[in-house]
Every structure is written in structure tokens, then in C-alpha cells.
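Per my numbering, the very first residue in the sequence shown carries number 15; after that it's consecutive.
Note that the Cβ used here is the ideal one computed from N, Cα and C, for glycine as well.
In this text the structure is predicted, and so the values were computed from the model without any measurement.
Shown next, in C-alpha cells, is the structure this report addresses.
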Amino acid sequence: MSYKSAMDANGETAPGTLGAQLRQATAFLTRLPMASRDRDDDWLDVAEAPTLADSMWLFPLVGFGIGGAGAIALGILAWAGVPTAVAAILAVGVMVWLTGALHEDGLSDVADGFGGGADKPSKLEIMRDSRLGAYGALTLAVVTVARIAAIAAIAAVDVGAAAGAMIAGATWSRALFAPTMRWLPPAREDGLGAGAGTPSEAGSWRGMGLAALLVLLVIATPAGWGTLVVLAAGALGAFAVGWIAQKQIDGYTGDVLGAAQQVAEAAALVAASAVIVGNTI
């Protein structure tokens with residue numbers, strides 16, 4: 015499923031209350047059914063439905079839930095005696111299922127397009143092709159294995175810290191959608207960039223602040239000051255994808271945002287593994 019089709023499928027939302035924004039963010043980022051509320055409900059006092067950009071400051075909260083689902087799976091599997099490597103694989107699988115592999119699809123499309131296209135039009139055309147090529151398969155494999163290996167490495171010394179790192183990576187990486195969209199112009203006249211709107215500066219900072227607080231909540235104890243390294247690594251991962259996208263296609267698409275999320279999450283987890291495992295030695 016592409017980002018555009020996900021937005022079309024879940025685009026109906028109640029007016030711009032906090033609850034409406036949270037439902038819209040959840041519907042976009044997960045496969046959970048988020049039915050719209052009727053506009054005549056007496057608890058609604060806003061006439062206009064929020065754009066996706068309006069709801070992006072809550073993406074970290076949805077990411078916290080996605081990471082939390084994976085963390086719960088990891089904890090249950092570890093408690094049941096499943097080896098940490100296997101538990102990490104299955105826990106990541108829970109997160110992938112919950113999101114419908116939306117971000118993974120974006121990563122593979124970007125890798126195929128940037129690797130196989132000769133110019134901007136051909137790159138964008140390849141990115142819209144649903145078939146998986148060699149560049150996409152290999153990139154997706156490397157990033158996914160990096161996520162799993164980092165979680166397994168932390169879980170081998172502290173399952174609770176590994177669960178916290180999963181939540182931190184899922185939360186922080188989704189906070190970076192809005193600043194990426196403010197930094198880069200849309201690469202297409204249609205698609206996510208045209209339909210989502212532009213996140214506000216205040217909303218971007220609010221989302222990043224919320225994400226940073228949530229990350230501190232879950233990994234400050236095992237990571238200490240290394241939490242800053244985790245945050246920096248995730249931000250650097252998203253920046254790298256954005257910088258490459260600017261060079262390749264002059265902006266962002268929904269697939270680019272998905273790729274940025276995946277690379278940011280992997281980078282944050284790798285940094286967390288270095289910090290947390292290092293603290294236990």
C-alpha cells in the first residue's frame with residue numbers, strides 16, 4: 015500500500031478536536047480501524063476537519079503505541095524463554111503487522127527509485143511501481159536486520175531496556191515526519207505532499223518536544239546522557255534520507271517520509287544498543 019492510498023483510505027475524520035487528530039494520526043500510521051464520528055455529535059465544536067499536517071504533532075504518541083506493542087511482545091516472549099534473537103524478530107514482526115508495512119514499503123520504493131532511475135521522472139515512476147527490485151530488497155533487508163540485531167543485543171543484557179529502546183525508536187522516528195516536510199518541498203504535484211498540507215512550525219516543535227519527553231521516559235534510566243546520542247542518531251538518519259531525496263528528486267514524497275522513518279528508527283536503535291550495552295560493561 016502506498017502512502018497516498020493509505021491517506022485516501024483513512025482520510026475521513028471528525029473535525030479538528032484533539033480526539034479527531036489522534037484518530038486521524040492512528041488511522042494513517044496503523045492498520046487499526048478508526049471510524050469517523052458524525053459532525054453533529056454534541057461534543058464537536060469545530061467545523062473544519064483537520065488536515066493530516068494538523069495531526070502530525072501526535073505521530074509520536076501513535077509511535078509510542080506501536081513501539082509499545084512490540085515491546086510487550088518482546089517481554090512476553092522473553093518471559094516464555096524464547097531466545098532474545100528470535101524474540102526480537104517476532105517483536106519487530108508485530109510492529110510491521112500493526113503498521114501494515116507502510117514505512118517498509120516506502121523505504122524499498124525509494125531504494126529502487128534512487129538506485130534504478132536515471133533522472134527525476136524515471137526515479138518517481140519506479141517509486142510508484144509496486145514491484146520490489148534488488149535495490150529495494152537489499153536496503154529493506156539491511157535496515158530491518160539492523161533494527162532486529164540492535165534490539166537483540168540490548169535484550170541479551172536487559173530485556174526491559176530493549177523494550178524501552180523499541181518504544182523510543184518508534185516514537186522519535188515518527189516525530190521527524192513534520193520537520194522533514196517543512197524542510198523539503200513536495201517532489202510531485204499529487205500524492206501525500208499535495209493532500210497532507212504543510213505542518214506548522216509550532217506543530218513540528220510540539221511533536222518533537224512530545225517525542226523527546228516520551229523517549230526520556232522510557233530510556234533515560236538505562237541510557238543516561240546517552241539518550242541525547244540516541245536522539246541525535248535518529249535525527250541524523252532522517253536528515254540523511256532527506257538530503258539524498260533533495261539531490262535525487264528535488265523534494266519529498268510519501269515514500270521518502272517512510273524511508274526517513276525507517277532509517278531514523280534503525281539509527282536510533284543502533285545508537286541505543288551502543289549506549290546501553292556499553293553502560294552495562
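Among residues of its own chain, excluding the 5 on either side of residue i, which ones have a beta-carbon nearer than 6 Å to its beta-carbon?
i, result
"Gly265", "Leu198, Pro199, Pro200, Ala201"
"Ala39", "Ser69, Leu72, Phe73, Val76"
"Met141", "Asp123, Gly127, Asp269"
"Ala189", "Pro74, Gly221, Met222, Ala225"
"Ile290", "Ile168, Ala175, Pro236, Ala237"
"Met195", "Pro213"
"Met48", "Arg37, Thr40, Ala41"
"Ala155", "none"
"Gly95", "none"
"Ala210", "Leu66, Ala67"
Keeping to the same chain, check which residues put their C-beta closer than 8 Å to that of residue i; ignore five residues upstream and five downstream.
i, result
"Lys134", "Ala201, Gln262, Ile263, Asp264"
"Leu138", "Gly127, Gly131, Ala201, Arg202, Ile263, Thr267"
"Gly217", "Ala67, Asp68, Met70, Trp71, Ala192"
"Leu246", "A quick correction: the sequence has Ala, not Leu, at residue 246. Counting only Cβ-Cβ distances below 8 Å, and skipping sequence neighbours, we find Ala285."
Quick one: grab the DSSP three-state call for residue i.
i, result
"Val277", "helix"
"Pro213", "coil"
"Pro193", "helix"
"Pro199", "coil"
"Val284", "helix"
Confirm, please, whether the CB-CB distance from residue j to residue i is below 9 Å.
i, j, result
"Ile192", "Ala102", "In the sequence under discussion, the amino acid at residue 192 is Ala, which differs from the Ile named in the question. Cβ distance not < 9 Å, so Ala192 and Ala102 don't count as in contact."
"Phe128", "Ile258", "yes"
"Ala184", "Gly84", "yes"
"Ala281", "Gly248", "yes"
"Trp186", "Val255", "no"
"Ala125", "Tyr149", "yes"
"Gly240", "Val277", "no"
"Thr158", "Val106", "yes"
Please name the residue in the options whose C-alpha comes closest to that of residue i.
i, options, result
"Gly33", "Pro64, Val106, Val284", "Pro64"
"Thr294", "Ala189, Trp111, Ala176", "Ala176"
"Leu46", "Thr212, Thr158, Thr113", "Thr113"
"Leu231", "Ala94, Val106, Ile181", "Ile181"
"Leu146", "Glu118, Val159, Ala160", "Glu118"
"Ala274", "Gly292, Thr153, Ala105, Ala210", "Thr153"
"Thr44", "Ala115, Ala164, Ala105", "Ala115"
"Ala160", "Ala288, Val284, Gly292", "Val284"
"Ser287", "Trp219, Ala163, Ile90", "Ala163"
"Asp172", "Gln35, Thr31, Gly292", "Gly292"
"Val229", "Leu91, Ala94, Val100, Glu279", "Glu279"
"Gly79", "Val110, Thr158, Ala155", "Val110"
What first and last residue would you give for the alpha helix (DSSP H) that runs through residue i?
i, result
"Thr44", "Unbroken run through Thr44: none, as it is neither H nor E."
"Pro64", "Where Pro64 is concerned, there is no enclosing alpha helix (DSSP H), given that its DSSP letter is neither H nor E."
"Asp119", "116–130"
"Arg142", "134–142"
"Leu242", "240–263"
"Tyr149", "148–169"
"Met109", "98–113"
"Asp91", "The sequence shown places Leu at residue 91, rather than the Asp named in the question. 73–93 is the span of the alpha helix (DSSP H), which, as asked, contains Leu91."
Below 8 Å, is the gap between the Cβ of residue i and the nearest heavy atom of the ligand NAD?
i, result
"Gly174", "The ligand content of the structure shown is nil, which means the ligand NAD is not present either."
With a CB to CB cut of under 7 Å and the five nearest residues on each side skipped, what residues in its chain are close to residue i?
i, result
"Glu260", "Checking the displayed sequence, the identity of residue 260 turns out to be Gln instead of Glu. Once the five neighbours on either side are set aside, the close Cβ partners of Gln260 are Leu198."
"Val108", "Ala83, Gly84, Ala87"
"Pro97", "none"
"Leu104", "Ala87, Leu91"
"Gln35", "Pro64, Asp68, Ser69, Leu72"
"Gly272", "Tyr17, Leu116, His117, Asp119, Gly120, Leu121"
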